[in-house]
Structures are given as C-alpha cells and as structure tokens.
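Numbering (this note's numbering), first residue to last: 358 to 881. Yeah, the Cβ is synthetic: ideal placement off N, Cα and C, and Gly gets one too. Encoded as structure tokens, the structure appears first; notes follow it.
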Amino acid sequence: MATKLILAFAICRLIVTVGLTLKPTELLHLGFDGQLSFDPADVDSASKDFGLLTRVEPLAVLHPSSALEVARLVKAAYGSDQGFTVSARGHGHSINGQAQTPNGVVVQMSGNGVGPRPKVRAGDMYVDVWGGELWIDVLRSTLEYGLAPKSWTDYLYLSVGGTLSNAGISGQAFNHGPQINNVYELDVVTGKGELITCSEEQNSELFHAVLGGLGQFGIITRARISLEPVPQRMRWIRVLYSNFSAFTRDQEYLISLNGSQKFDYVEGFVIVDEGLINNWRSSFFSPRNPVKISSLGSNNGGVLYCLEVTKNYYESTAGSVDQEVEALLKKLNFIPASVFTTDLPYVDFLDRVHKSELKLRSKGLWEVPHPWLNLFVPKSKIDDFNRGVFKGILGNKRASGPILIYPMNKNKWDERSSAVTPDEEVFYLVAFLRSALDNGEDSQSLEYLSNQNHQILRFCDNDGIKVKQYLPDYTTQEEWREHFGSKWDGFHKMKMKYDPRHILASGQQIFTPTFLTSSKTDSW
Ligand code: FAD
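Written as structure tokens, this is what we have:
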C-alpha cells in the first residue's frame, strides 16, 4: 500500500515537473523490476553532491544490477520520442552538480550490492571492477592477493567511473601518471545504448575519449586496472619552507628523479594562516607534535609551504629505508628544524583522509558547502601565482581549508585521453579545498569564498597565467571550447559519434540535449 502511495505521489510530481517533456509512463513502461526508483528519498539524494552548491532533481533513479540494465535504460532514452537524459552518479562527490540531471534518470552506480564484485587476476596483475566500485573497495579486494593499484586519489571513497571521467590524481601521479594512465580496458555504455569493450587495441578512440571525458561519451560499467605488489609500510615525512622558490625547486627536483632512488609520493600544501597547520588534511602534526609557525621563525608574511613525501617499503627493504630517506632529504633546502616523520602501514596512509572525514562529520563540518577550486598551473608561472594568490589574494587571511600544491610530469599523461593539462612539461596542481561556514564570520561565508575564487581566476586571466581547471566548471560552450583548446574538435566529433542526442552527463553543461533545443545551439 505504502509503495503504491509513493508511486502515485511520484507520478503526480513527475507530471508537474516534466510537463510535456516526458511522459512518466515512458519510464514506467521500461519495466526495471523495482530497480527504477521514484522514491522521494532516492530522488533527493541524487539531486545533491559534495559541493552542496547546486540542487537539480532527476525524475527517477536507476539502481542497476548489471551493465545490460544500464544499456537498456540508455537505449530507451536514445530511442525515446520525447527524450530524456541519463547521468551516471558514482559517490556524488562532485562540486558543481556534474552528476545531476533535470528531466532525466540518474544511474546510481555506487552503493551496496550494485554491480558485480571485483575480480582480481593476480597472475596478470590486474583487477576488473564495476564502474561504480569505490576505490576503498577496490583496494580491499586486491589486498587479499597482496596487490594494489599504483595511482591514487587522496581520498578513497570516490568511484572508479567518477575519477576515471576526470583523471584521478595524487602524489603518485608524477611517477605512475594519473589513474587514467593505469587502465587497460573498459566496458562502456554509449549514448546510443551500445555496450562496447574498448582498450588501446580495441575501439581505441572510444577508450581514450572516455578517459578524462567527463562522462560525455559513455557510462563506464567495468574498468580493468593495473596492479603492483602492495608495499607493507611507509615513511611519511613533512618538511617546511618559508622560501617558495626553494620549495618548488625541491618539489621539481624530486619529481625529476628516475629509478628506485626516489620518493613514492610527492605532494605539498600552503600554510597561509597559523590555524591551518593543523587542518583536517594535516592531522599528522597534532596532537602529539603540534606546530606553531611562529616557533619556526617565519618572517615570510605568515606564509609557509609544506613538502610532503613518502617512501614505501617491504619487509625485505626495511633495513635500508632510513638511509634512502636520509640521502634524498640531504639534497633538499627546507628549514632544518622542521622535519616531521612518522611510519605507518601503507593502507592506513592511503585511507588517511577518511579519518579526517569521520572527525569532521562528528562536528557537523562535513556536510557543508564546498566551493572548491582546482587548477593546473604551468611551472613557468608558479612564482607569479604565489605572489598574486598565496601572498596577495589569500595572504594572512583565514584559509577555510587545505590548499594543496604539487607538480606533475606531463609526459606521464597520455595525450590521447580527453583530460586537459597546460602546455608545459611540468605543471602544478593547486587545490583550494575550502568549506563555507554559516557562523557569522564573513571571511568563511560561501559568498566570500566564491568571490575569492573568481578573484583568483581573474588574476590568472589578467596576468596571462594559462591555468586549466581540474574538475572543470563552465556553463557556456565558448568557455568549454577554450578549456579543451586543440582537443575541442576531436571531443565534439566523438560526442556526435557516441552520444548524438547529448543524453549523457548533462550536468557538466557542455552540450545541450538535442530534444531540449530545436535551434541546436549547443550550450545550456
Ligand atoms: P560523481 O560526482 O558521482 O560523478 C562525477 C562525474 O562523472 C559526473 O559527470 C558523472 O556523470 C560522471 N560519472 C560518474 N560515474 C561514471 C561512470 N561510471 N561512467 C561515466 N561517467 C561517470 N580527485 C582527484 O583526482 N584526486 C583527489 O585526491 C581527490 N580527492 C577528493 C577528496 C574529496 C573529499 C572529494 C569530495 C573529491 C575529491 N576528488 C579528488 C575529486 C573527485 O575525483 C571527483 O569529484 C570525482 O568526480 C568524484 O567521483 P564520484 O564517484 O563521486 O563522481
């Protein structure tokens, strides 16, 4: 009875919401055995994301049990007279509604019991995983075989399909490339509802387009991910700098090293106010060894830079790890009194951000708006960026969240993928991971932080710093063309080939679904 009431309520709501766009009966007639949900709670959850900046309600949510079910839904959308959109949603950790869609169905790829379990092929050093699998669960399943993926994100409660649609980066990217460079094969449901297997050898243009493709060409239902033997433990080291040039010189030196005499992970962050040194990403320092900037004698306008590196080791190499770390640190120019070292199991390091998540959740500080801004900054302009942004726009003000900065090597990125990076051999990720709070403090408000993001982008524009947004957020096709630059024509061509009705991932706001526009202006 209750189910019938919910269904009746949902159908009424559909009619009101959709108007003439889509007959609700079209969706109901697809017959998904209860997997297609109109439950207001499901719809509400699919209309939000981690950013909490936009809210767009879908008509319904599909909880697929197989790739074929995803294909059936997309095929129905492709063939539908009225037309409706389909957006894959992993863990909904986007910032700007990228996995949301109005007038359509959200395919909830992640979640308990959705999709098949990971299949590890230890002999061939790969794992086949469902597109909605969270990286933490990929890790758990490969650990049973003493193996692990090579390239990570800092946080593991993200879906495989979600990060592969962007790039998937962390401190290992300088060495192994982003996650999109560590995939052998994909199964993809295209915008025509075809289920296609693709790889370097088979349907390679689709394979490369989908990687970093912002969900535009297909829904990833399976990914084959490359593995390595899992290290047992790691040394985790942080050192501080007051001199930005010394900091970036050392970071660039570390990512230029080849062979085994190098760190396995290189990241860093900026400390623009004293409060931040013990922020949610750097629990490392506290509570046993809290750090005071003043104690380090910083006379750098209050700005410090923290280099963060790790060295993995196995039981067999435990004896030499101290020596190796020392030899590498000797070549660096950090503040001598500022070496902080800890040693922990590899897996605890990979899952470090989750601990901070739990703490923030317990204080009600996780589910707040996140006006995040992620930029790739060319190496040649990183000094200008430091002057104008860290010391200028942000200098001495409350930071409201971590600011990461670390370099990557372009030659570790496959140019054939859809991901976009600056035109220089080395570029930096600068990530402003800030949380807005409604606590009466102006400088922590959403409006203030959003304005600051605009100021940063304007500064880059005015100073000729050709940044590329990572996890890009644009609303006009002109901006998207500029973002993709020389890749735009190919990107557009692939869209016409694999999703000609522009059904997929409309929340990215790159292409307008064709059924919504008769004039065919491509943007929303
Ligand atoms: P969703 O938000 O659900 O979807 C993102 C986009 O991908 C949407 O357009 C969606 O339609 C599409 N999509 C989702 N699943 C599929 C699929 N199976 N096939 C095709 N398209 C699909 N990123 C990094 O690179 N490195 C980090 O260290 C990092 N840390 C983060 C930490 C936190 C706390 C958060 C919130 C985000 C972080 N991110 C990081 C960003 C993250 O990679 C992206 O937000 C990613 O999109 C999130 O994955 P998701 O599964 O939640 O995707």
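Apart from the five residues on each side of it in sequence, which residues of its chain come closer than 6 Å, Cβ to Cβ, to residue i?
i: phenylalanine 531; result: Ile612, Val623, Met765, Asn766
i: threonine 554; result: Asp544
i: glutamate 542; result: Ser556, Arg581
I'd like the span of the beta strand (DSSP E) that includes residue i, first residue to last.
i: lysine 854; result: Counting along the chain, lysine 854 falls outside any beta strand (DSSP E), though it belongs to the alpha helix (DSSP H) covering 845 to 855.
i: serine 714; result: Residue identity differs from the one stated: residue 714 is glutamate in this sequence, not serine. Looking at the DSSP string, glutamate 714 is not in any beta strand (DSSP E); the run it does join, the alpha helix (DSSP H), is 709 to 719.
i: glutamine 465; result: 461 to 465
i: valine 546; result: 540 to 547
i: asparagine 766; result: 760 to 766
i: tyrosine 483; result: 483 to 487
i: leucine 786; result: 783 to 789
i: alanine 566; result: Per DSSP, alanine 566 belongs to no beta strand (DSSP E); it is in the alpha helix (DSSP H), 561 to 567.
i: tryptophan 770; result: Per DSSP, tryptophan 770 belongs to no beta strand (DSSP E) and is neither H nor E.
i: alanine 445; result: 442 to 446
i: valine 477; result: 476 to 478
What three-state label does DSSP hand residue i in the structure shown?
i: asparagine 753; result: coil
i: arginine 838; result: helix
i: threonine 674; result: helix
i: aspartate 396; result: coil
i: glycine 575; result: strand
i: tyrosine 622; result: strand
i: tyrosine 703; result: helix
i: isoleucine 452; result: coil
i: aspartate 889; result: Outside the displayed span of the chain (358 to 881) sits residue 889, for which this structure offers no information.
i: serine 802; result: coil
i: alanine 505; result: strand
i: isoleucine 813; result: helix
i: lysine 687; result: helix
i: isoleucine 582; result: strand
i: serine 863; result: helix
i: phenylalanine 407; result: coil
i: asparagine 469; result: coil
i: serine 695; result: coil
i: lysine 825; result: strand
i: valine 660; result: coil
i: serine 617; result: coil
i: alanine 524; result: coil
i: glutamate 383; result: helix
i: valine 627; result: strand
i: valine 558; result: The sequence given here has glutamate at residue 558, not valine. Glutamate 558: coil per DSSP, three-state reduction.
Check this for me: beta carbons of residue i and residue j, under 8 Å apart or not?
i: isoleucine 692; j: leucine 597; result: yes
i: glycine 745; j: threonine 458; result: no
i: phenylalanine 816; j: isoleucine 750; result: yes
i: valine 477; j: threonine 442; result: no
i: arginine 606; j: aspartate 700; result: no
i: methionine 482; j: leucine 584; result: yes
i: glycine 550; j: isoleucine 762; result: no
i: valine 629; j: asparagine 808; result: no
i: phenylalanine 740; j: phenylalanine 601; result: The displayed chain sequence assigns aspartate, not phenylalanine, to residue 740. Yes; because the gap between Cβ atoms is below 8 Å, this pair is in contact.
i: aspartate 846; j: glycine 548; result: no
i: glycine 821; j: serine 792; result: no
i: leucine 496; j: leucine 707; result: yes
i: glycine 468; j: phenylalanine 407; result: no
Using 8 Å for Cβ pairs, my map puts residue i next to residue j. What's the rounded Cβ distance?
i: glycine 447; j: leucine 504; result: About 23 Å; that fails the 8 Å criterion.
i: proline 735; j: lysine 823; result: 6 Å
i: glycine 440; j: phenylalanine 872; result: 3 Å
i: valine 666; j: isoleucine 594; result: 5 Å
i: phenylalanine 444; j: glycine 461; result: For the sequence presented, residue 444 should be read as serine rather than phenylalanine. With a Cβ gap of about 6 Å, serine 444 and glycine 461 count as contacting.
i: valine 464; j: proline 421; result: 6 Å
i: proline 586; j: asparagine 539; result: Their Cβ separation, rounded to whole angstroms, is 15 Å, which puts proline 586 and asparagine 539 out of contact at 8 Å.
i: phenylalanine 784; j: phenylalanine 733; result: 5 Å
i: methionine 851; j: alanine 566; result: 4 Å
i: glutamate 490; j: glycine 472; result: 7 Å
Please go through the same chain and pick out, in chain order, the residues whose beta-carbon is closer than 7 Å to the beta-carbon of residue i, but skip the five residues on each side of it.
i: leucine 794; result: Val725, Gln801
i: tryptophan 837; result: Tyr831, Ile867
i: valine 546; result: Ala424, Val427, Ala428, Val431, Leu552, Gly575, Ile576, Thr578
i: phenylalanine 841; result: Val777, Phe848
i: leucine 410; result: Ile452, Asn453, Pro726, Pro728
i: leucine 730; result: Phe789, Asn810, Ile813
i: glutamine 529; result: Lys507, Ser508, Trp509, Asp621, Tyr622
i: alanine 359; result: Low local confidence applies: a pLDDT of 46 at alanine 359 is under 50, so the model's placement there is unreliable, with the coordinate-based value given in what follows. Correct list: empty, nothing qualifies.
Where do the ends of the alpha helix (DSSP H) carrying residue i lie?
i: glutamate 609; result: 601 to 613
i: valine 517; result: 517 to 521
i: tryptophan 729; result: Run containing tryptophan 729: none; DSSP gives neither H nor E here.
i: valine 427; result: 424 to 436
Could you name the residues of the same chain whose beta carbon sits closer than 8 Å to that of residue i, not counting the 5 residues immediately before and after it, in chain order?
i: leucine 387; result: Leu393, Arg429, Leu430, Ala433
i: tyrosine 610; result: Lys688, Leu689
i: valine 678; result: Arg592, Lys668, Tyr670
Step through the CB atoms of chain C and report whether any lies within less than 8 Å of the CB of residue i.
i: valine 471; result: Among the protein chains of the structure shown there is no chain C, as only one such chain exists.
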